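A short worksheet on the structure shown next.
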Amino acid sequence: MTEVIATGAPADHDPDTATLAEICAVACARAWEGDGEILASPITLIPSIGARLARATTDPDLLLSDGEASLAAGTWAVGDEPPLIEGWLPYRTVFDLVASGRRHVMMGPVQLDRYGNANLSAIGDFARPKRALLGMRGAPGNTVNHPTSYWVGRHSPRVFVEKVDVVCGIGYDTAKASGPTALEFLDLRRVVTNLAVLDFGSADHALRLVSTHPGVTVEEVQEATGFPLTLADEVVTTPLPTAPELQLIREVIDPKGLREREVRPR
Amino acid sequence: MTEKLMTEADVVARLRSGMTVGIGGWGSRRKPMSLVRALLRSDVTDLTVVAYGGPDVGLLLAAGKVRHLVYGFVSLDSIPLEPHFRAARESGAVTVTEYDEGMLQWGLRAAANRLPFLPCRAGLGSDVLRSAPDLKTVRSPYGDEEFVAMPAIRLDAALIHMNRADATGNGQYLGIDPYFDDLFSQAADATYLSTEKVVPTEQLLAGGPPQSLLIQRWHVTGVVEAPHGAHFTSCEPDYGRDEAFQKRYAQAAGDPAAWAEFEREYLAGTEQSYQESVGATA
């Protein structure tokens, strides 16, 4: 059989070809920017692509789990085994890391409210929920101990509610009501959604719109949010991925294109 | 030296209704399922169950064995929501104490250290305090900080599953994560250890290094040889999770008629008949 050699031009990674999923993954990557030598803990696919991209580009010192109980070195594809193990990370060590503060998690809340309270536990009354979910998991300990970001794949008023039904991840208002110890290490960083990037950088730590993804208006984000948003002084457009970032995502981190099934074009 | 070999039925005969029972493993990983299945066949009930929950919790809930559940989460891992747990929560069939995952570990550690509590930040400001209204805070005697005083979670009994053990209760894990099985054993008045294979003490180190000997015999009351005993949860490296069977379990759990059929097919008989029927479907 004749060997077929590709002779075409290199794949086109022009930033203008970036999909919404790729824009979201890069916006997630930025959450860990400048974090140094800490454990980046992305939950679900898009944050995982983001964390691997961050380490491959801007933040080489980040530590990453293989999703089981090892720390993985290098850059590898989602769904694959990492090429190199550099450490042991059983759950007990994760708990130690949480308490030490040397971790930045990106979680996927079912509800998130104006001051950053997050719910993963139950919809409705806690004692007899309309819909029972996973439980608190690590959200109370994560948020009170170390930086926390959130990824919301479907920005809607059902997720962004005035007040969450169950406070798992704590927000700035509940922490303040609890006292200074709850506030000491509370550090809610970035919220990335399929529409926009938000943070809690306003004076009263209310959720603030920082940028909208290309083609999304401020009004659309507000309509998809169940409470009035604080706006940054200048709400910009979320930056497009660079060509090298696109190449890493498409050829190394997610060559199967799993991201496109998780974030559909609008 | 005292030999502690016994059967699943012997273990269950030592459990009493109303006890607080901790179950090792994590989600749908290395659960002492043959001991759980034996509990299902017994008349022991009204239990307080403490676990990083998976199908162990789901099966006990479905059988109406649980009065109160203490957990950080209940999940099947590859299937995020445990269907029986979800149903029990939504019908109000069980009362719960829902902790942060780290708090659960901390409560077991306090019990293991014979302390009434250990301070932690986790829980502050969250609805963990609403779920557990007895939870108190404590002020640092060295400063002004106010912490959650995580109470000791003392267990009447712990059930755990190890890859290998000797007849005196030295237990060995060969997978990558010990989970919290050692803490469960240290927090319990009696630990019952099931294992894939009972080996002579002199053969333990043939399987793995000394640090794989997670469970010390002075914590262990009974050793049960239970090959494939963690099925359908994983017991790496002996076997992975039986995903096909777990899927069947989860699908059956969603429908009363299908669940009755599942119970008849797999849970009504002995452990041996269970193993034969799941082996036949593998």
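Protein chains in written order, with our numbering: chain R, 2 to 267; chain W, 201 to 482.
The beta-carbon is built from N, C-alpha and C at its ideal position, and this holds for glycine as well.
Everything numeric in this text was worked out from a predicted model, so none of it was measured.
Query: Could you pull out every residue in the same chain whose Cβ sits closer than 8 Å to the Cβ of R:HIS14, ignoring the five residues on either side in sequence?; Result: ALA244, PRO245, LEU247, GLN248 and ARG251
Query: Relative to the C-alpha of W:SER242, which candidate in W:CYS320, W:ALA213 and W:ARG289 has its C-alpha closest?; Result: W:ALA213
Query: So which of R:GLU38, R:VAL27, R:THR45 and R:ALA233 has the shortest CA-CA distance to R:ASP60?; Result: R:GLU38
Query: Let's test the definition: count the other Cβ atoms within 10 Å of the Cβ of W:GLY454 and tell me whether it reaches 16, buried, or not, exposed.; Result: exposed
Query: Does any C-beta atom of chain W lie closer than 9 Å to the C-beta of R:ILE171?; Result: yes
Query: Consider the Cβ of W:GLY225: report whether some Cβ of chain R lies at a distance smaller than 9 Å.; Result: no
Query: Touching or not, the segment 98 to 118 of chain R and the segment 25 to 44 of chain R, by the rule of three or more beta carbon pairs under 8 Å?; Result: yes
Query: Counting only beta-carbon separations shorter than 9 Å, does W:THR481 have a partner in chain R?; Result: Reliability of the predicted coordinates at W:THR481 is poor, the pLDDT of 48 falling under 50, and the value obtained from them is presented with this limitation in mind. Taking Cβ atoms only, chain R never reaches closer than 9 Å to W:THR481, which makes this a no.
Query: Take every Cβ of the segment 368 to 385 of chain W, pair it with every Cβ of the segment 401 to 417 of chain W, and state whether three or more of those distances are shorter than 8 Å.; Result: yes
Query: Does R:MET108 have its Cβ less than 9 Å from a Cβ in chain W?; Result: no
Query: For R:LEU135, tell me which candidate among W:LEU247, W:PHE317 and W:ALA288 has the shortest Cα-Cα distance.; Result: W:ALA288
Query: Let me know the alpha helix (DSSP H) ranges lying completely inside the segment 21 to 106 of chain R, each 4 residues or longer, listed in chain order.; Result: 21 to 30, 46 to 57 and 92 to 101
Query: Do you know offhand how far R:LEU184's Cα is from R:TYR116's?; Result: 13 Å
Query: Please classify R:LEU138: is it buried, with 16 or more other beta-carbons within 10 angstroms of its beta-carbon, or exposed?; Result: Note on identity: in this sequence residue 138 of chain R is Arg, with Leu being the wrong assignment. R:ARG138 should be labelled buried.
Query: Determine the chain R residues that contact W:GLU463 at a beta-carbon separation under 7 Å, and present them in chain order.; Result: Correct list: empty, because the minimum Cβ distance to chain R is about 22 Å.
Query: W:SER340: buried (16+ other C-beta within 10 angstroms of its C-beta) or exposed?; Result: exposed
Query: For the beta strand (DSSP E) that W:GLY224 lies in, which residues bound it at each end?; Result: Run containing W:GLY224: none; DSSP gives neither H nor E here.
Query: Verify the contact flag: W:GLN372, CB atom, against every heavy atom of the ligand FAD, threshold strictly below 8 Å.; Result: No copy of the ligand FAD appears in this structure; indeed no ligand is present at all.
Query: Measuring alpha carbon to alpha carbon, tell me which of R:GLY125, R:GLU224 and R:LEU121 ends up nearest R:TRP152.; Result: R:LEU121
Query: Using 8 Å for Cβ pairs, my map puts R:PRO215 next to R:THR238. What's the rounded Cβ distance?; Result: 6 Å
Query: Using a Cβ-Cβ distance cut-off of 9 Å, determine whether R:ALA7 contacts chain W.; Result: With a pLDDT of only 48 at R:ALA7, under the threshold of 50, the placement of this residue in the model should not be trusted, and no figure is reported.
Query: Is it true that the CB of R:ALA178 sits closer than 9 Å to the CB of R:VAL211?; Result: no
Query: Would you kindly work out how many angstroms separate the C-alpha atoms of R:THR218 and R:VAL236, rounded to a whole number?; Result: 10 Å
Query: Suppose only complete runs of 4+ residues qualify. What are the alpha helix (DSSP H) ranges in the segment 115 to 149 of chain R, listed by chain order?; Result: 140 to 146
Query: Which one of W:PHE384, W:VAL338, W:LEU324 and W:PRO410 has the shortest CA to CA distance from R:ILE171?; Result: W:LEU324
Query: Identify each residue in the segment 111 to 131 of chain R for which the Cβ-Cβ distance to at least one residue of chain W is less than 8 Å, and report them in chain order.; Result: SER122, ALA123, PHE127, ALA128, ARG129, PRO130 and LYS131
Query: Does the beta carbon of R:ALA74 come closer than 9 Å to any beta carbon on chain W?; Result: no
Query: Between W:THR297, W:SER291 and W:GLY264, which lies nearest to W:VAL274 when the distance is taken from Cα to Cα?; Result: W:THR297
Query: Taking the straight line between their C-alpha atoms, what separation do you get for R:VAL5 and R:ALA55?; Result: With a pLDDT of 46 at R:VAL5, under the threshold of 50, the modelled position of this residue cannot be trusted; read the value that follows with caution. In a straight line, the C-alpha of R:VAL5 is about 35 Å away from that of R:ALA55.
Query: Note down the Cα distance separating W:THR481 from W:ALA452, rounded to an integer number of angstroms.; Result: The predicted position of W:THR481 is uncertain, since its pLDDT is 48 and thus under 50; no value can be drawn from it.
Query: Just to confirm the assignment, what range does the beta strand (DSSP E) spanning W:GLY272 have?; Result: 266 to 274
Query: Beta-carbon of R:TYR1 versus every beta-carbon of chain W: anything under 9 Å?; Result: Residue 1 of chain R is absent from the structure shown; chain R starts at 2 and stops at 267.
Query: Going by CA-CA distance only, name the one from W:ALA322, W:ALA310 and W:ASP277 that's closest to R:VAL99.; Result: W:ALA322
Query: Of all the CB atoms in chain W, is at least one closer than 9 Å to the CB of R:LEU40?; Result: no
Query: Say whether chain W places a C-beta atom closer than 9 Å to the C-beta of R:GLU263.; Result: no
Query: How about W:ARG441 and W:GLU396: do their beta carbons lie closer than 9 Å?; Result: no
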